[in-house]
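When we follow the working numbering, the leftmost residue of the sequence shown carries the number 495, and every step to the right adds one.
A short worksheet on the structure shown next.
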Amino acid sequence: MAMTMVEKILAKASGKSTVTPGENIWIDVDVLMTHDVCGPGTIGIFKKEFGEDARVWDREKIVLIPDHYIFTADKRANRNVDILRDFAQEQNIKYFYDIIDRSNFKANPDYKGVCHVALAQEGHTRPGEVLFGTDSHTCNAGAFGQFATGIGNTDAAFILGTGKLLVKVPATMRFVLNGEMPDYLLAKDLILQIIGDISVSGATYRTMEFAGETVEQMTMEERMTLCNMVIEAGGKNGVIAADETTFKYLQGRTD
Numbered sequence: 495m496a497m498t499m500v501e502k503i504l505a506k507a508s509g510k511s512t513v514t515p516g517e518n519i520w521i522d523v524d525v526l527m528t529h530d531v532c533g534p535g536t537i538g539i540f541k542k543e544f545g546e547d548a549r550v551w552d553r554e555k556i557v558l559i560p561d562h563y564i565f566t567a568d569k570r571a572n573r574n575v576d577i578l579r580d581f582a583q584e585q586n587i588k589y590f591y592d593i594i595d596r597s598n599f600k601a602n603p604d605y606k607g608v609c610h611v612a613l614a615q616e617g618h619t620r621p622g623e624v625l626f627g628t629d630s631h632t633c634n635a636g637a638f639g640q641f642a643t644g645i646g647n648t649d650a651a652f653i654l655g656t657g658k659l660l661v662k663v664p665a666t667m668r669f670v671l672n673g674e675m676p677d678y679l680l681a682k683d684l685i686l687q688i689i690g691d692i693s694v695s696g697a698t699y700r701t702m703e704f705a706g707e708t709v710e711q712m713t714m715e716e717r718m719t720l721c722n723m724v725i726e727a728g729g730k731n732g733v734i735a736a737d738e739t740t741f742k743y744l745q746g747r748t749d
């Protein structure tokens with residue numbers, strides 16, 4: 495039986511030859527992202543369940559990005575960023591995008607910004623991989639032809655310790671979009687129209703796959719906009735097949 499794009503990705507990540515919608519499978523994780531909102535809670539659960547001296551499963555597959563509670567005088571908000579920074583140093587995390595230049599304790603001119611944009615710009619979004627993040631709009635990364643979705647702190651902590659997660663294979667809704675977009679419409683308008691048509695629960699725990707000539711003509715930023723918003727229809731993830739536009743964007747950003 496033929497499989498959808500996401501089913502093929504999940505089958506590969508599980509080591510199985512085939513998977514079917516509704517099936518519960520253990521999968522290997524390629525990238526875990528957490529930020530300053532959920533990171534402290536994730537780290538706390540990790541240390542509680544795996545031990546204060548536990549080591550993460552792979553320091554090069556974890557991305558820490560402070561992007562919510564930043565550049566503020568609120569001490570509690572700054573503490574969230576401090577917790578990420580301390581954990582990154584303790585675990586020697588390769589990808590921690592600090593807001594502070596540690597050489598002079600001033601704003602880092604190389605700060606990467608919002609986590610979903612940074613993941614793409616820094617080369618962490620790769621076709622065929624599995625990416626989880628502690629943010630509901632992690633589905634943004636599905637624009638690169640990968641399985642990307644948001645998770646909670648407990649699941650993220652489990653991934654920190656094991657590199658694996660139990661997931662239910664989602665069914666797929668495929669949206670084939672043809673025709674040329676008029677200049678006065680944006681990708682945001684398109685996805686809002688789709689959500690309006692199917693309702694805010696119309697894709698609950700389903701993959702929303704986008705295809706067709708309209709999508710093929712879109713930039714990566716426009717494709718990310720489509721995938722970013724699937725959560726607003728209850729979607730598990732959004733996905734778009736990788737093509738020349740995808741590979742051109744990734745060139746120089748990732749191996």
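Ideal Cβ placement from N, Cα and C applies to all residues, glycine included.
T536 is not a Cβ neighbour of T643, given a cutoff of 9 Å.
Residue burial is scored here from C-beta neighbours: M495 has fewer than 16 other C-beta atoms within 10 angstroms and is therefore classed as exposed. Taking C-beta atoms as the reference points, V557 and I564 fail to come closer than 9 Å. Between the segment 667-686 and the segment 716-728 there are three or more inter-stretch CB-CB distances shorter than 8 Å, so the stretches are counted as touching. When C-alpha distances from V523 are compared across D530, S508, T514, P534, the shortest belongs to S508.
In the DSSP annotation of this structure, the continuous segment of the beta strand (DSSP E) that includes H529 starts and ends at 525-529.
The Cβ atoms of G706 and L671 lie closer than 9 Å to each other.
The Cβ atoms of G617 and L744 lie closer than 9 Å to each other. Note on the segment 665-721: whole beta strand (DSSP E) runs with a minimum of 3 residues are 665-670, 700-705, in chain order. The Cβ-Cβ distance between I689 and A727 falls below 9 Å. Bridge pairing for Q745: T748 [DSSP]. In the three-state scheme derived from DSSP, where H, G and I count as helix and E and B as strand, A582 is classed as helix. Counting along the chain, the unbroken beta strand (DSSP E) around V661 starts and ends at 658-662. Closest in C-alpha terms to E716, from the list G545, V733, G729, R700, comes V733. The segment 575-592 and the segment 692-707 do not touch, with fewer than three beta-carbon pairs separated by less than 8 Å. If you draw a straight line from the Cα of R579 to the Cα of R573, it is about 10 Å long. Cβ atoms of R620 and T748 come within 8 Å of each other, at about 6 Å. Taken in chain order, the complete beta strand (DSSP E) segments of 3 or more residues contained in the segment 597-631 are 624-627. Spatial neighbours of K588 in its own chain (CB-CB distance under 7 Å, excluding positions within 5 residues in sequence) are listed in chain order as R553, E554. For the pair L625 and Q640, the CB atoms are nearer than the 9 Å cut-off. Residue V663 holds the alpha-carbon nearest to the alpha-carbon of K506 among Y605, V663, D737. Taking C-alpha positions only, T739 is separated from G636 by approximately 14 Å. The segment 540-590 contains, as complete alpha helix (DSSP H) runs of 4+ residues, the segments 569-585 (chain order). A straight-line Cα-Cα distance of about 8 Å links E674 and Q711. For the set Y699, I559, Q615, the Cα lying nearest the Cα of K742 is the one of Q615. A Cβ-Cβ distance of about 6 Å is found for the pair I521 and V661, placing them in contact under the 8 Å criterion. Under the three-state reduction of DSSP output, T740 falls in the helix class.
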